[in-house]
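Throughout the sequence shown, residue numbering follows the numbering used here, covering 9 to 95 in sequence.
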Amino acid sequence: MINKKFSKLDCKEIKLGMRFSAPVFFDDGENMFLGEEKSIKNYHIDAIQRWNIKYLLTYGHLIGDGKNPPPESLYMLEDLEDVEELN
(Lines of atoms letter the chains of each structure in order from A and count residues from 1; the text may use other names and numbers.)
(Lines give C-alpha, C1' and ligand atoms only; values in the text may rest on other atoms or scores of the structure.)
Protein backbone atom coordinates (compact mmCIF):
# COMPACT_ATOMS: atom_id res chain seq x y z
CA MET A 1 0.00 0.00 0.00
CA ILE A 2 1.23 3.49 -0.83
CA ASN A 3 1.87 5.54 2.30
CA LYS A 4 -0.74 8.32 2.35
CA LYS A 5 -1.14 11.07 4.92
CA PHE A 6 -4.58 10.74 6.46
CA SER A 7 -6.66 13.56 7.87
CA LYS A 8 -8.86 12.85 10.87
CA LEU A 9 -12.58 13.63 10.49
CA ASP A 10 -14.46 14.20 13.73
CA CYS A 11 -17.72 12.25 13.41
CA LYS A 12 -19.58 15.05 15.22
CA GLU A 13 -18.86 17.19 12.13
CA ILE A 14 -20.12 14.65 9.56
CA LYS A 15 -23.32 15.90 7.88
CA LEU A 16 -25.81 14.48 5.40
CA GLY A 17 -24.71 15.01 1.79
CA MET A 18 -21.01 15.60 2.46
CA ARG A 19 -18.65 14.24 -0.21
CA PHE A 20 -14.87 13.78 -0.20
CA SER A 21 -12.30 13.70 -3.01
CA ALA A 22 -10.90 10.36 -1.79
CA PRO A 23 -12.32 7.35 0.05
CA VAL A 24 -13.14 7.70 3.74
CA PHE A 25 -11.92 4.94 6.05
CA PHE A 26 -12.76 3.72 9.53
CA ASP A 27 -10.26 4.65 12.25
CA ASP A 28 -8.07 1.63 11.35
CA GLY A 29 -7.14 3.30 8.02
CA GLU A 30 -7.78 0.06 6.10
CA ASN A 31 -11.53 -0.61 6.00
CA MET A 32 -13.42 1.77 3.74
CA PHE A 33 -16.45 3.59 5.14
CA LEU A 34 -17.38 5.70 2.08
CA GLY A 35 -16.23 5.67 -1.53
CA GLU A 36 -14.58 8.55 -3.35
CA GLU A 37 -17.07 11.33 -4.24
CA LYS A 38 -20.00 9.41 -2.71
CA SER A 39 -22.49 11.33 -0.55
CA ILE A 40 -23.04 10.70 3.14
CA LYS A 41 -26.51 9.19 3.56
CA ASN A 42 -28.71 8.78 6.64
CA TYR A 43 -27.60 5.16 7.08
CA HIS A 44 -23.94 6.30 7.27
CA ILE A 45 -24.78 8.72 10.07
CA ASP A 46 -26.85 6.03 11.83
CA ALA A 47 -23.89 3.60 11.63
CA ILE A 48 -21.49 6.17 13.10
CA GLN A 49 -23.83 6.69 16.05
CA ARG A 50 -24.75 3.02 16.56
CA TRP A 51 -21.12 1.86 16.49
CA ASN A 52 -19.93 4.83 18.58
CA ILE A 53 -17.30 5.84 16.02
CA LYS A 54 -15.40 8.96 17.16
CA TYR A 55 -13.47 9.72 13.96
CA LEU A 56 -12.92 8.64 10.36
CA LEU A 57 -9.85 9.01 8.13
CA THR A 58 -9.33 10.29 4.58
CA TYR A 59 -6.43 11.44 2.45
CA GLY A 60 -8.81 13.61 0.42
CA HIS A 61 -10.67 16.82 1.08
CA LEU A 62 -14.28 17.94 1.34
CA ILE A 63 -15.80 18.54 -2.12
CA GLY A 64 -19.48 18.68 -1.26
CA ASP A 65 -21.09 19.99 1.90
CA GLY A 66 -24.57 18.65 1.20
CA LYS A 67 -26.02 22.10 0.53
CA ASN A 68 -25.66 21.88 -3.25
CA PRO A 69 -26.68 18.81 -5.29
CA PRO A 70 -23.81 16.72 -6.65
CA PRO A 71 -23.10 17.10 -10.39
CA GLU A 72 -24.70 13.75 -11.32
CA SER A 73 -28.04 15.02 -9.96
CA LEU A 74 -27.85 18.05 -12.24
CA TYR A 75 -27.43 15.85 -15.31
CA MET A 76 -30.42 13.79 -14.28
CA LEU A 77 -32.54 16.94 -14.05
CA GLU A 78 -31.46 18.00 -17.55
CA ASP A 79 -32.48 14.64 -18.98
CA LEU A 80 -35.93 14.85 -17.39
CA GLU A 81 -36.60 18.23 -19.03
CA ASP A 82 -36.42 16.51 -22.46
CA VAL A 83 -39.24 14.07 -21.63
CA GLU A 84 -42.53 14.84 -23.37
CA GLU A 85 -45.68 15.20 -21.35
CA LEU A 86 -48.33 12.47 -21.72
CA ASN A 87 -51.85 13.57 -22.66
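The beta-carbon is built from N, C-alpha and C at its ideal position, and this holds for glycine as well.
A direct Cα-Cα distance of roughly 14 Å separates Leu42 from Asp36. Distances from the CA of Lys46 to each of Lys20, Tyr63, Ala30 and Lys13 were compared; the closest alpha carbon is that of Ala30. The three-state reading of DSSP puts Ile22 in coil, since its state is none of H, G, I, E or B. Per DSSP, Tyr51 lies in no beta strand (DSSP E); the unbroken alpha helix (DSSP H) holding it starts and ends at Asn50 to Arg58. Taking C-beta atoms as the reference points, Gly25 and Ile53 fail to come closer than 8 Å.
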